[in-house]
Amino acid sequence: MSATRIVQHLLYTLKPGQKGVAAVCNGGGGASSIIVEKLAVLKSTGRPKLTLYTKNPCPLCDDLRLQLQPFLDRVELENLDIERQDNSRWRSLYKYEIPVLFLEGQFLCKHKLDERVLERRTIRDAISKPLPCAQNHLGCQFPSLTPTASSMTPPLTPP
């Protein structure tokens, strides 16, 4: 079996977040090995992603969630419980630091939310992303600025 097929089979059988190793004998006494991790494919809402490393119970985490309420219409919030068995990596990193908040995979804050930094970073990310019509200029539809006859007629009122 070729090395490509072995790696392809490995990736097919791994679940998101799992790691695997493939080893291949090259012939002539040589060998190669590769370590791979299958990444999760997340559905994007088009909003910046906030990842909150938390556990239950965590009063500081609850306070931070309350502080995040005004931003939830502009961001996607993922709560990652560090106490879950499959999150041991995050538990070892953040067990004494939670709550820890990341924006798009970059550290934002820990223990307490700095609302000004979150506001600045979400605005910066929104400005740096191209508009949907800039990606597909042929499909752009701009609203007409001239009034039409239907927009100028008064609404009907019951007698």
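According to this note's numbering, the sequence shown is numbered sequentially starting from 985.
Beta carbons: idealized from backbone N, C-alpha and C, even for Gly.
Apart from the five residues just before and just after residue i, which ones in its own chain have a Cβ nearer than 6 Å to its Cβ?
i, result
"valine 1101", "none"
"lysine 1003", "Glu1021"
Could you tell me which of the options sits nearest to residue i, measuring between CA atoms?
i, options, result
"aspartate 1070", "Ala987, Leu1052, Lys999 and Arg1058", "Lys999"
"isoleucine 1019", "Asn1010, Glu1081, Gly1030 and Ala1006", "Ala1006"
"cysteine 1045", "Ser1017, Tyr1080 and Arg1073", "Tyr1080"
Have a look at residue i and residue j and give me their C-alpha separation to the nearest angstrom.
i, j, result
"leucine 1052", "glycine 1001", "27 Å"
"glycine 1013", "arginine 989", "21 Å"
"glycine 1011", "valine 991", "18 Å"
"arginine 1104", "serine 986", "50 Å"
Let me confirm a value: residue i is counted as buried when at least 16 other C-beta atoms fall within 10 Å, else exposed. Which label applies?
i, result
"leucine 1023", "exposed"
"leucine 995", "exposed"
"threonine 1038", "buried"
"isoleucine 1082", "buried"
"cysteine 1009", "exposed"
"proline 1143", "Residue placement at proline 1143 is flagged as unreliable, the pLDDT there being 48, under the threshold of 50; the coordinate-derived value follows with that caveat. That one is exposed."
"leucine 1122", "Residue placement at leucine 1122 is flagged as unreliable, the pLDDT there being 43, under the threshold of 50; a coordinate-derived value is accordingly withheld."
"cysteine 1117", "Summary for cysteine 1117: the model assigns pLDDT 47, below 50, so the residue's position carries little reliability, and this model does not support an answer."
"isoleucine 1066", "buried"
Output needed for residue i: all residues of its chain with C-beta closer than 7 Å, excluding positions within five of it in sequence on either side, in chain order.
i, result
"histidine 993", "none"
"tyrosine 1078", "Tyr1037, Ile1066 and Val1084"
Using a C-beta cutoff of 8 Å, does residue i count as contacting chain B?
i, result
"proline 1054", "No chain B is present in this structure, which holds just one protein chain."
Starting from the C-beta of residue i, find all residues in its chain whose C-beta is less than 8 Å away, skip the five residues before and the five after it, and write them out in chain order.
i, result
"leucine 1097", "Leu1048, Gln1051, Leu1052 and Leu1085"
At least three beta-carbon pairs within less than 8 Å, the region 1029–1046 to the region 1082–1092: Yes, since at least three Cβ pairs between the region 1029–1046 and the region 1082–1092 fall closer than 8 Å, the two stretches touch.
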